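Chains as they are written, first to last, in this note's numbering: chain L, -19 to 144; chain B, -18 to 517.
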């Protein structure tokens, strides 16, 4: 039996750490549930920063290098904060055939950002995804979690302009 | 618990909905939800459901491009095709509710006598679009968990393996490895800790079969996994599912919870000696994690990098213990095989590829969606008859199967039967079942570059041929596509294809050149046109 270790205190008083702790506790603070823990951090805070990575490493008793390695390996994890809105352009095969490239160009012309970037006013982040599985609605965009199907560049830019 | 008890239980559940004459089924799978199924469901539910008519949320009905789909079915006539409505809006709810039991609403109607529906044979998708995926009782009422009880109470583990072997089922994830053989390898390992894993990391862009099964009939996957665990002597399972599929994750989590509560998962399942528990593990957006050794590394909380095989997972898998890994669709076939017998399954399909296969039709095709056809159906039947052909009067150019690991086939190959071996001979693979149809406006060089870009960014970076090779091949393809390439570039590209194919560590690298090789084989003139354009 491993000795019961006291778990580190959250880095600050932010209530969202409770969600992270709950996720780690659910998996018995097991090191192999690292990806689950990182998902919990990203769900709560929107991205992973050094503070949270160190906190997860200490809680799960893993070397920070390993946590950093895992966090940077998987595409879904992001180490940069996102803008207030996230526009994910699907670049799956069906969307590609039906013109996802045009959507990305349209957004670039309209807002001056390429996938992976955020507008300077923090309003919009543009990302790409490898198939969101909405191939019947190609080309598809996921805007703040909602799938918008059968998009055209003009309609998408107009939609994004309506965001606050 | 015995089979008779199961019959009784199913009867009991069916009796709970006695008096329901009509069901209004609303597809609540991801695709229809994206086109606005939720308000439709809300409006139909609010519209008041009498005792004789029940509004029900169901899984995928297949014709995703016409969503949101709503079906009105007569409960007393389960074999009759329900009245199907397409592109339904919330405002249509009163009309639909008023029509139940009377004349259908013609303006919304989607004919179900078209080949898209009549030519399918549904085994994996038998319950999809009919039962409520979140309802345990609904699954049991439709004959669910019978196969598990039958296996646990009337068959030895060896007999279960034998039945699966007899069925001739082959891995539906793309490899096509005989499932029975895989099971018997794990079963033969000395008793002790063993694991069963369901690979639901459907990474192929343009494929959504597994997602539809998970969203439409999650209990069936659990049942298949439990039967597999009994057969190989495991008591712990993992479902590794993409985080990009939140609805599928939610539905499988609900299914696990309900199965546990009903005693079909957990300790001493159905009062037998057999215990089995399942946990969900989320992916985090890495295509390479569909490879079995990378997937296991990811479950262990590591970077998803593959390792050399042997030892195969069957010998030393998760944490070094014998592990059985199968794909979602493979597990979905298990319960019907146990229930109906391996011989029944072996009668369907072709000599060396048994059963049915689910395909996701996408790209420039009229009927985008999910279909299930017997193995050996020709590509022409799938694309032109079931898929409805190319819209907008354009000509068919190519069909891409197997995602980034597969290849493109031209019109001349449309008459080949779809099975593992024929496709492999032609330079592509069955893959997990994604089929992207392209018309004359698609450039094959661009398509090859697209897939190479995919493989390049998804390469895990562990082995040099894949890490460096995909980058170089992408550079060459980009050069050729932009009409700046020379004949030497093309020769170098072909040489690199051979090298990467032969020397990469895992399937990702070994198959990465396939899209290039197959387009070179069938559409070489397009490459040459770009080369000629460069010389001007």
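By construction, the Cβ of each residue, glycine as well, lies at the ideal position given by its N, Cα and C atoms. Computed from a prediction, not measured in an experiment: that's the story for all the values here.
Taking the straight line between their C-alpha atoms, what separation do you get for residue i and residue j?
i                      : j                      : result
residue 95 of chain B  : residue 87 of chain B  : 16 Å
residue 1 of chain B   : residue 416 of chain B : 39 Å
residue 101 of chain B : residue 3 of chain L   : 43 Å
residue 464 of chain B : residue 506 of chain B : 14 Å
residue 288 of chain B : residue 280 of chain B : 14 Å
residue 127 of chain B : residue 222 of chain B : 26 Å
residue 349 of chain B : residue 93 of chain B  : 15 Å
residue 499 of chain B : residue 429 of chain B : 9 Å
residue 155 of chain B : residue 17 of chain L  : 31 Å
residue 342 of chain B : residue 37 of chain B  : 26 Å
residue 335 of chain B : residue 327 of chain B : 6 Å
residue 54 of chain L  : residue -10 of chain L : 25 Å
residue 25 of chain B  : residue 180 of chain B : 36 Å
residue 187 of chain B : residue 462 of chain B : 23 Å
residue 244 of chain B : residue 125 of chain B : 14 Å
residue 23 of chain B  : residue 482 of chain B : 52 Å
residue 44 of chain L  : residue 1 of chain L   : 17 Å
residue 224 of chain B : residue 269 of chain B : 14 Å
residue 132 of chain B : residue -17 of chain B : 10 Å
residue 127 of chain L : residue 87 of chain L  : 17 Å
For residue i, does the three-state DSSP call read helix, strand or coil?
i                      : result
residue 127 of chain L : strand
residue 431 of chain B : helix
residue 13 of chain B  : helix
residue 377 of chain B : strand
residue 439 of chain B : helix
residue 108 of chain B : coil
residue 209 of chain B : helix
residue 455 of chain B : helix
residue 134 of chain L : helix
residue 36 of chain L  : helix
residue 107 of chain L : strand
residue 161 of chain B : helix
residue 65 of chain B  : strand
residue 176 of chain B : strand
residue 101 of chain L : coil
residue 52 of chain B  : strand
residue 388 of chain B : strand
residue 351 of chain B : strand
residue 202 of chain B : helix
residue 217 of chain B : strand
residue 66 of chain L  : strand
residue 183 of chain B : coil
residue 4 of chain B   : strand
residue 37 of chain B  : strand
residue 398 of chain B : strand
residue 166 of chain B : helix
Taking 8 Å as the cut-off, decide whether the C-beta atoms of residue i and residue j are in contact.
i                      : j                      : result
residue 369 of chain B : residue 97 of chain B  : yes
residue 262 of chain B : residue 256 of chain B : no
residue 104 of chain B : residue 337 of chain B : yes
residue 419 of chain B : residue 378 of chain B : yes
residue 233 of chain B : residue 246 of chain B : no
residue 201 of chain B : residue 226 of chain B : no
residue 401 of chain B : residue 157 of chain B : yes
residue 147 of chain B : residue 305 of chain B : no
residue 83 of chain L  : residue 140 of chain L : no
residue 493 of chain B : residue 385 of chain B : yes
Is residue i close to chain C? Criterion is C-beta to C-beta, closer than 8 Å.
i                    : result
residue 8 of chain L : The displayed structure is made up of protein chains L and B, and chain C is not among them.
Exercise for the section: Would you list, in sequence order, the uninterrupted beta strand (DSSP E) runs of no fewer than 3 residues that lie entirely inside the region 320 to 344 of chain B? Expected result: 337 to 344
Practice task
Give the residues from the region 105 to 136 of chain L that approach chain B closer than 7 Å (Cβ to any Cβ), ordered along the chain.
Solution key: 109, 110, 111, 112, 113, 114, 115, 116, 117, 118, 127, 129
Handout entry: Proximal residues, the region 283 to 294 of chain B versus chain L, C-beta separation under 9 Å
Key = 283, 284, 285, 286
Exercise for the section: Could you list the residues in the region -2 to 18 of chain B with a C-beta less than 7 Å from some C-beta on chain L, going in chain order? Expected result: 11, 12, 15, 16
Problem - Contact residues within the region 49 to 64 of chain L, judged by C-beta distance below 8 Å to chain B - result: 49, 50, 53, 54, 55, 56, 57
Practice task
Report the residue ranges of all alpha helix (DSSP H) runs contained in full by the region 219 to 307 of chain B; include only those spanning at least 4 residues, in chain order.
Solution key: 227 to 242, 273 to 280
Exercise for the section: Enumerate, from N- to C-terminal direction, the unbroken alpha helix (DSSP H) stretches of 4 or more residues contained entirely within the region 450 to 503 of chain B. Expected result: 468 to 484, 488 to 492, 495 to 503
Exercise for the section: Select from the region 65 to 83 of chain L all residues with a C-beta closer than 7 Å to any C-beta belonging to chain B, and list them in chain order. Expected result: 72, 73, 74, 76, 77
Problem - Cβ-based contacts, 7 Å cut-off: residues of the region 249 to 268 of chain B near chain L - result: 263, 265, 266, 267, 268
Exercise for the section: Quick one: which residues of the region 335 to 351 of chain B get their C-beta closer than 7 Å to a C-beta of chain L? List them in chain order. Expected result: 341, 343, 344, 345, 349, 350
Exercise for the section: Could you please tell me which residues of the region 85 to 97 of chain L, in chain order, have their CB closer than 8 Å to any CB of chain B? Expected result: none
Handout entry: Within 8 Å of chain L by C-beta, residues of the region 192 to 206 of chain B in sequence order
Key = 192
Handout entry: Selection of the region 220 to 231 of chain B by Cβ proximity to chain L, strictly under 7 Å
Key = 224, 225, 226
Handout entry: Under 8 Å (Cβ pairs) to chain B, residues found in the region 13 to 37 of chain L
Key = 13, 14, 15, 16, 18, 19
Practice task
Check each residue of the region 175 to 191 of chain B: if its Cβ is closer than 9 Å to any Cβ of chain L, include it; give the result in chain order.
Solution key: 183, 184, 185, 186, 187, 188, 189
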